[in-house]
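One line per chain: the protein sequences are A and B, in this order.
Take the first sequence: its letter number 93 is residue 93 in the working numbering, and every next letter is one higher.
Take any residue in the second sequence, count from 1 to its spot, add 1000: that is its number in the working numbering.
Every residue gets a Cβ at the ideal spot worked out from N, C-alpha and C, and that includes glycine.
It should be emphasised that the depicted structure is a prediction, and the values quoted were computed from it without experimental measurement.
Notes to accompany the following structure.
Number of protein chains: 2
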Amino acid sequence: MEKQQIGNNFFIPMPVVLVGTQVKGKANFMTVGWCARANANPPMILCGIGNHHYTPKGIMETKTFSVNIPSSGLLEKTDYCGLVSGDTADKSQVFDVFYGSLKTAPMIKECPVSLECRLVQTVPLPTNSLYIGEIAGAYADGRVIKDNKPDFSAIDPLFLTMPDNRYWTLGKYAGDAWSAGKKLVQQPQTST
Amino acid sequence: MEKQQIGNNFFIPMPVVLVGTQVKGKANFMTVGWCARANANPPMILCGIGNHHYTPKGIMETKTFSVNIPSSGLLEKTDYCGLVSGDTADKSQVFDVFYGSLKTAPMIKECPVSLECRLVQTVPLPTNSLYIGEIAGAYADGRVIKDNKPDFSAIDPLFLTMPDNRYWTLGKYAGDAWSAGKKLVQQPQTST
């Protein structure tokens, strides 16, 4: 297959999360697609957020934030939190809010999983910044825990692709990690 | 729904990528789930990689790396690249390799999309480091480009969940981003 060059501004498929902050004493939530784990031990997670956004104000004010995983049933409210800025709209009443040990990282009751994070490091980049937080608490609905593990079919997370700007559900189980490739170990590898 | 506290070491659903590097003149590929966009303009992408891994040697040696998106049909080879280290196994022959303008970031012909990246910044964390690269070139198979945009159904990417250690396909179209929540704009928001 011949390769063609496409625009450099390519976006890999993104897990959709809602980042919760407290700004001037009020809860605010922002939809974020640039989110990944950052460190294994202690557990850290990062969010990449545009420098002009309202959410960074809350992160810097309290040095805490939350990461909430919305299920597909929350699609409209999730999209709403990406459409309007906390600078002009009060998003504190969109969800039922609860707090954990950090007290200043509002979490979303309707989301099956929520993480509260303590800011560890900020990495400023030209148009965006990375906010790296240590996961200080993790909360889940009992119904999404199976055999003591998060059940991702029950969590029913959303993904975002760009620039087609589409949300997607999690698809089918496709194989076991650290297992499916075992048959290739020890075999001479040749390109096909 | 009552919340229960779960272990802090929670992993959000992760897009699966293969990170390509050249180590001592030889192509090497590593499966990575900690990958997200980092900056909008110029376009940057980041990968979080354990500090003991072989791939960072190649990134630091050439100051370049590639990010390749495997389709679900490449699941076995993708998993293989996460099972064995370049330190003990030669992974240079697992895929057909091509190079772009950077010359030192090996990309995978079998992957529908590949990005070549110039290292911009390294963020060392306790057990892992973030490698932030500017996307210097993006290459795709013509069959996955539709109306000049990447068609993610055709790309057929994989996701990884942990600690159940499962690969998943992309699911169904669930709605339009920056659109599905418009009906909530201007309405008073109340928690439900």
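- Uninterrupted beta strand (DSSP E) stretches at least 3 residues long and entirely within the region 121–157 of chain A occur at 128–141, given in chain order.
- Minimum Cα-Cα distance from residue 156 of chain A among the listed residues A:172, A:134, A:30, A:164 corresponds to A:172.
- Taking 7 Å as the Cβ-Cβ cut-off, the region 155–170 of chain A approaches chain B at 157, 158, 159, 160, 161, 163, 164, 165, 166, 167, 168, 169, 170, given in chain order.
- Within the same chain, 1028, 1055, 1058, 1059, 1065 come within 6 Å of residue 1021 of chain B by CB-CB distance, once the 5 residues on both sides are set aside.
- Within the model, the alpha-carbon separation for residue 1167 of chain B versus residue 175 of chain A is close to 5 Å.
- Straight across, the Cα-Cα distance linking residue 106 of chain A with residue 124 of chain A is about 24 Å.
- Taking 8 Å as the cut-off, the beta carbon of residue 1111 of chain B is found closer than this to the beta carbon of residue 1018 of chain B.
- For residue 1176 of chain B, the nearest CB of chain A lies under 8 Å from its own CB, placing it at the interface with that chain.
- For residue 1169 of chain B, the uninterrupted beta strand (DSSP E) run begins and ends at 1166–1176, by DSSP.
- Of all residues in the region 53–71 of chain A, those with a C-beta nearer than 8 Å to a C-beta of chain B are 67, 69, reading in chain order.
- Listed in chain order, the non-local C-beta contacts of residue 1150 of chain B below 7 Å within the same chain comprise 1113, 1140, 1144, local neighbours out to five positions each way being set aside.
- Residues of the region 1023–1042 of chain B with a C-beta atom less than 8 Å from some C-beta of chain A are 1033, 1034, 1035, 1036, 1037, 1038, 1039, 1040, 1041, 1042, listed in chain order.
- Apart from sequence neighbours up to five positions away, the residues of its chain that approach residue 1014 of chain B with a beta-carbon distance below 8 Å are 1033, 1034, 1035, 1159, 1160, 1161, 1162, ordered along the chain.
- According to the DSSP secondary-structure assignment, residue 1107 of chain B is paired through a beta bridge with B:1098.
- The Cβ atoms of residue 1067 of chain B and residue 1080 of chain B do not sit closer than 8 Å to each other.
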